[in-house]
Amino acid sequence: MTLKVQLRVPRTGFDVDVKFEVPAGRTLAIIGPSGSGKSTIVHAIAGIQEITAGRIELSGNVLADAVAHRPPHLREVGLLGQDPHLFPHLDALKNIAFGAWAGGMDKSVAKVAASEWIERLGLQEIATHRPEALSGGQRQRIALARALAARPKILLIDEPFASLDVEAAMDMRSLVREELARTATSAIVVSHSAADTLALADDLLVLERGKIIQRGTVAEVFADPANRFVRAVVATLPAHPISIQEEQP
1 MTLKVQLRVP
11 RTGFDVDVKF
21 EVPAGRTLAI
31 IGPSGSGKST
41 IVHAIAGIQE
51 ITAGRIELSG
61 NVLADAVAHR
71 PPHLREVGLL
81 GQDPHLFPHL
91 DALKNIAFGA
101 WAGGMDKSVA
111 KVAASEWIER
121 LGLQEIATHR
131 PEALSGGQRQ
141 RIALARALAA
151 RPKILLIDEP
161 FASLDVEAAM
171 DMRSLVREEL
181 ARTATSAIVV
191 SHSAADTLAL
201 ADDLLVLERG
211 KIIQRGTVAE
221 VFADPANRFV
231 RAVVATLPAH
241 PISIQEEQP
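If you want it as structure tokens, here you go:
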């Protein structure tokens, strides 16, 4: 279930122009300054953003190229963003069931699958609660379950923990890591957080103005940062007290 991405998307001031692969069962993190094109890449893979050149392929199936554009619901791609985008009129159980149904299950089977996710994530007490009654961490757990209940071949994770407090973010990182491993789902993580990258990713791309300037395993990139941004990210790690005050851009 390898994801192959080669795309170009015009943006104001520069083009997002990248080429990379995500092997089956691995998680790739994409980091870079705000506005460098990270979310553009994720949205292109999800089908929200059309590409002007290149090709996106998942498990041998073409999701998009310069002339064809498969609709998002037919891509077998899950998306977990900063806003869970839960359906406000559905309770937690039904939100998850919708994901399973969207993944191709019959509605009765989808409801059973949703119940299993509710139990697995320890959300029995809020199964009948609507999103407005849930905490931010609970909403993100429901959003994760809904995304994975659709059985995507790859999960796109775009800054999902930015609005959570430290403890809730730590719990969500652990949960996402466990569920990706349990379901053998590949993933792409977009984040400014070194904690997110270390906890979730195997491999790492550094993006600057739409171009990949460094790639490797997380350990390789963090051990030899290519630019000021990555040095700043690494400096947030207690084990890497790197000073960037005198560094040049």
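Each residue of the sequence shown is one higher than the one before, starting from 1 at the first, in full-length UniProt numbering. All residues carry an ideal CB built from backbone N, CA and C; glycine is no exception.
| Query | Result |
| --- | --- |
| Supposed contact pair L200 and V176 - C-beta distance, whole angstroms, cut 8 Å | 6 Å |
| Every unbroken alpha helix (DSSP H) within the segment 11 to 68, with a cutoff of 4 residues, ordered by chain | 38 to 46 |
| Exposure label - P71; buried when at least 16 CB within 10 Å | exposed |
| Delimiting residues of the alpha helix (DSSP H) encompassing S135 | Taken as a continuous stretch (DSSP letters only), S135 belongs to no alpha helix (DSSP H), as it is neither H nor E. |
| Inter-stretch contact (C-beta, 8 Å, three-pair minimum) for the segment 111 to 121 and the segment 50 to 59 | no |
| Residue range of the unbroken alpha helix (DSSP H) whose run includes G99 | 92 to 102 |
| Beta-carbon separation (whole angstroms), D203 vs R26, contact threshold 8 Å | 6 Å |
| For Q124, the three-state DSSP class (helix, strand or coil) | helix |
| Beta-carbon proximity check, H89 vs R130, cutoff 9 Å | yes |
| Cβ neighbours of A226 in the same chain (closer than 8 Å, five flanking residues each side left out) | V206, I213, Q214 |
| Per DSSP, cross-strand counterpart(s) of T217 | D203 |
| Every unbroken alpha helix (DSSP H) within the segment 142 to 202, with a cutoff of 4 residues, ordered by chain | 166 to 183, 194 to 200 |
| The segment 80 to 95 / the segment 43 to 51 touching (three or more Cβ pairs under 8 Å) | no |
| DSSP-derived helix/strand/coil call for L3 | strand |
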